[in-house]
Amino acid sequence: MELQITWFVLWGVLWAVYFMLDGFVLGAGMLMNFVARNDAEKRVVINTFGPVWDGNEVWLITAGGATFAAFPTTYALMFSYLYSALLILLFSLIVRGVSFEFRGKMDGLGWKKGWDIAILVCSFLPALLFGVAFGNIFGGLAMDASGYHGSLIGLLNPYGLLTGLLFVGLFLQHGALYLSVKTTGELKERARRTAKMLWPVVLLIAVVFLAATAKATLLYDNYYAQPALWAVPLLTALELIVVRIMLGRGKLLKAFAASCATILLVVATALVGLFPNLIPSSLDTASSLTIFNSSSSPYTLGIMTVVAFVFVPIVIAYKIWTYRIFRAPVTVEEVTADDHAY
Amino acid sequence: MDVVALSRLQFAVTSMFHFIFVPLTLGLVLLVAWMETRYVRTGDEMYKRMAKFWGKLFLINFALGIVTGITLEFQFGMNWAEYSRYVGDIFGAPLAIEATAAFFLESVFIGVWAFGWDKVSKKVHLLSIWIVAISSNLSALWILLANGWMQNPVGYVLRNGRAEMVDFGAMFTNPYGVWKFYHTVVSCYTVGAFFVMGISAWHLLRGSKPEFFRRSFRMGAYFGLVAIALSLLTGDYQAEVVARYQPAKLAAMEAHWETGTNAGIHLLAWPDAEQERNVVEAAYVPGVLSYLAYRDLDAEVVGLNDIPREDRPPILPVFLSFRAMVGLGGLMVLASVLAAFFVWRGTLDKQRLFLRLLIYFIPIPYLTIQLGWLVAEVGRQPWLVYGVMRTSEGVSTAINATQVVVSLIGFTLLYSALGFIDIYLLFKFSRKGPEESPAAQPILKEA
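Chains as they are written, first to last, in full-length UniProt numbering: chain A, 1 to 342; chain B, 1 to 447.
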């Protein structure tokens, strides 16, 4: 019992940290072509996350692996039901990853331009599709005892798309704030202005999302049952407001930190509502996948708990260490002088 | 084709493509780490430039290894949902541990290494590449222990309609997984060794930066000699393990039809699965197979005719892949010994024909390990988990053939394009050679 709850929390933490970390890479990737005015500035943008992006992506791989190990039935059904959507996601992530590595390796006409477009599209699609996928999970998938009755087009329902939009908005703002911290000069200024401009848009989407969630999902049931839980969404809203306050005061690092907290808390808000479901069924609640009916055996969960409690803190420690090493803003001079930079 | 056949083909395409990049990573990273170690110990700038030059090629390759790895993890759920559901309790654990305990280290410290030349101390920088080297090998360990479990399932019971783990330690000590790991990683090292030797040979023939490439070649040659020797040794042990746990695979590898003692091999053979015999057989060497499998010339080796037809793997592909792997392995032994000999005698520069051959030798280790992979995975058929679950039982029920056709075409096109670009860039930067030493080169201002 307790182990399944522990793993639900860990599962949530893995996804939340993944969105917090890859969120700014996806956001910066979407913004690159708009905030950077020339090739050198684009290289600065890519190099702000150059040393960390693949370490960030491993959180996704770990979230996938943890789903497999802790909730194998959920892993099996979620991945096969969402086959086509995941395929597009996978292709985008593959192209995005190599585009950072390949873009700077040649100069030919159109080479860099092509990768610039690839970075834009393949940063946008994962942001949108993660949102669409989670929106549909919140609302429940069309599944019953006889299997799955949904389709790729069916996933693009209004609530799914709205959640996609929320992810895109949050990541754009997050990326803009990251760039405002990690760059200098005009680029920094443009990133800061972009973040400021995006804030009311994110707020608007968030409000619409919260209202739509009441209609499209049962996520609020847990909140009605345990009113103390309302603290989580309230805190989320508060952090979003802190983002704006810090932006206004020019405290960009603090604004970015508040944006990190916002993303973590958005995931927390959703998962508090989802518990104990992992994937609710929209057709028949008896077919919902919960942490109790889709989990691994207590023995496996026990071993995986030990692994997680030993290794995750170590991972967090050396990740913080690397972020500290690369904490200085990236400049045009530095990027052009370093033959190992992207 | 049905969903099963298509999904198998897709898994073969995506895993073999992934297995182009990972082997070079595993071997080259050790060479780069060794180069940087010599730099830190001796202070000789040339070793630093060597680490940077080979490191750049390493990074181009590494990126593709990373992104194509995600596909494999996703595919278990996407295409093989019934398998994932049935064995996830035990099979998911090594994958999750791999990500947590190895892959994180690898991907975080590669960032420190690639971007940290001026940001961390020499020693920390050196430590980073060693962490990458060790953790990429640890990654391989977990993945191959997972694969080893499919080959020889241990430490589980069938309960609650699935396979549940009851002994985690058994997975660690599974002889099939352990020997597969040893044989796979050391064989992968040969890819890195011949890669470095081949590119160095190209430059030596042109007389460009002779000292730089002579040193690189020397390190590649010694590393390659050790790697190929270990490949032979571990391959030999692995054959014993195969004999013990998968007699059908062993029989298919050697086209061995009739159970018998003092079993031998035909140096020339052509098996026919329909007629259940070899249509061509010549040059019989008695006792060899018994000895290889059981270390006893008179041991009994089970033949294919004593294995039910529905439990036999496809015989011709396994037989041919195994023969070709062994043959190419032999060529690699020869090339490694010659390379090390010429380096030792100091006559390498004069061996122009040999150097030219080594350039064309670069793909050989790649081909050899792919063939080894085919032997292992095709030889496991018709089982997905040996003796427990058939491949046809593991496929997702929620997907249809059209979806898999579309994704298979997508993967083929995308991977071909990426593979082409990758090879092109590796060519480009290999030919360009190392950067000049800092004193000789003005700092480039151009982006």
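Idealized CB from N, CA, C, for every residue including glycine.
* Asked: What's the call for B:SER216, buried or exposed, on a 16-neighbour Cβ count within 10 Å?
  -> buried
* Asked: chain A partners of B:GLU73, CB-CB under 7 Å?
  -> ILE61, GLY64, GLY65
* Nearest to A:ALA317 by CA position, among B:VAL108, B:VAL226, B:LYS56, is which residue? -> B:VAL108
* To do: For B:MET389, name the three-state secondary structure that DSSP assigns.
  => strand
* To do: Go ahead and pull the three-state DSSP assignment for B:GLY43.
  => coil
* To do: Consider the Cβ of B:ILE60: report whether some Cβ of chain A lies at a distance smaller than 8 Å.
  => yes
* To do: Could you name the residues that DSSP lists as bridge partners for A:ASP144?
  => A:GLY147
* To do: Identify each residue in the region 217–228 of chain B for which the Cβ-Cβ distance to at least one residue of chain A is less than 9 Å, and report them in chain order.
  => none
* To do: Tell me where the alpha helix (DSSP H) around B:ALA93 begins and ends.
  => 81–98
* **Simplified DSSP assignment, three categories, for B:MET150** => helix
* Helix, strand or coil: how does DSSP classify B:TRP257 here? -> coil
* To do: Return the residue from the list B:VAL196, B:MET78, B:GLU73, B:ILE20 that minimises the CA-CA distance to B:ALA398.
  => B:MET78
* To do: Would you mind telling me which residues of chain B sit closer than 7 Å to A:MET304, beta carbon to beta carbon, in chain order?
  => ALA93, ALA96
* **Cross-chain neighbours of A:TYR75 in chain B, by beta carbon under 9 Å** => PHE76, GLY77, ALA81, SER84, ARG85, GLY88, GLY92
* Which residues in the same chain have their Cβ closer than 8 Å to the Cβ of B:GLY27, if we skip the five residues on either side of it in sequence? -> CYS188, TYR189, THR190, VAL191, GLY192, ALA193, PHE195, PHE223, ALA227
* CB of B:SER430 within 8 Å of CB of B:ILE97, strictly -> no
* Asked: In angstroms, rounded to a whole number, what distance separates the CA positions of B:LEU425 and B:ILE307?
  -> 49 Å
* Asked: Going along the chain, which residues of its own chain have a beta-carbon closer than 8 Å to the beta-carbon of A:TYR81, five neighbours each way excluded?
  -> LEU141, MET143, TYR148, GLY150
* Asked: Can a CB atom of chain A be found closer than 8 Å to the CB of B:THR397?
  -> yes
* **Neighbour list for B:GLU164 in chain A, Cβ cutoff strictly below 9 Å** => SER296, SER297, TYR299, THR300
* To do: Check the Cβ-Cβ distances between B:LEU141 and every residue of chain A, and say whether any is below 8 Å.
  => no
* Which of the three DSSP states, helix, strand or coil, is assigned to B:ILE265? -> strand
* Asked: Measuring CB to CB, does B:SER136 end up less than 8 Å from B:THR234?
  -> no
* Mind checking which residues open and close the alpha helix (DSSP H) that includes B:ILE421? => 401–432
* Asked: B:PHE172 and B:LEU144: beta carbons closer than 8 Å?
  -> no
* Asked: Under a CB-based cut-off of 8 Å, is B:VAL132 close to chain A?
  -> no
* Would you kindly work out how many angstroms separate the C-alpha atoms of A:LYS188 and A:SER180, rounded to a whole number? => 5 Å
* Express the C-alpha separation of B:LEU374 and A:MET20 in angstroms, rounding to a whole number. => 40 Å
* Kindly indicate the opening and closing residues of the beta strand (DSSP E) around B:ALA163. => 162–165
* Between A:LEU204 and the ligand HEM, is the CB less than 7 Å from at least one heavy atom? -> Questions concerning the ligand HEM fall outside what the structure shown contains, since it holds no ligand whatsoever.
* Helix, strand or coil at residue 452 of chain B according to DSSP, with G and I counted as helix -> For chain B, the structure presents residues 1 to 447; residue 452 of chain B sits outside this window and is missing.
* Asked: Would B:SER321 be called buried (16 or more neighbouring beta carbons within 10 Å of its own) or exposed?
  -> buried
* With distances taken Cα to Cα, identify the nearest neighbour of B:ASN147 among B:ALA376, B:PHE420, B:MET389. => B:ALA376
* Asked: Using a C-beta cutoff of 8 Å, does A:VAL158 count as contacting chain B?
  -> Per the sequence presented here, residue 158 of chain A reads as Pro, with Val not at that position. No, A:PRO158 lies away from the interface with chain B (no Cβ there is under 8 Å from its Cβ).
* Rounded C-alpha distance that separates B:MET35 from B:PHE427 -> 21 Å
* Should A:TYR18 be flagged as near chain B, meaning a C-beta pair shorter than 8 Å? -> no
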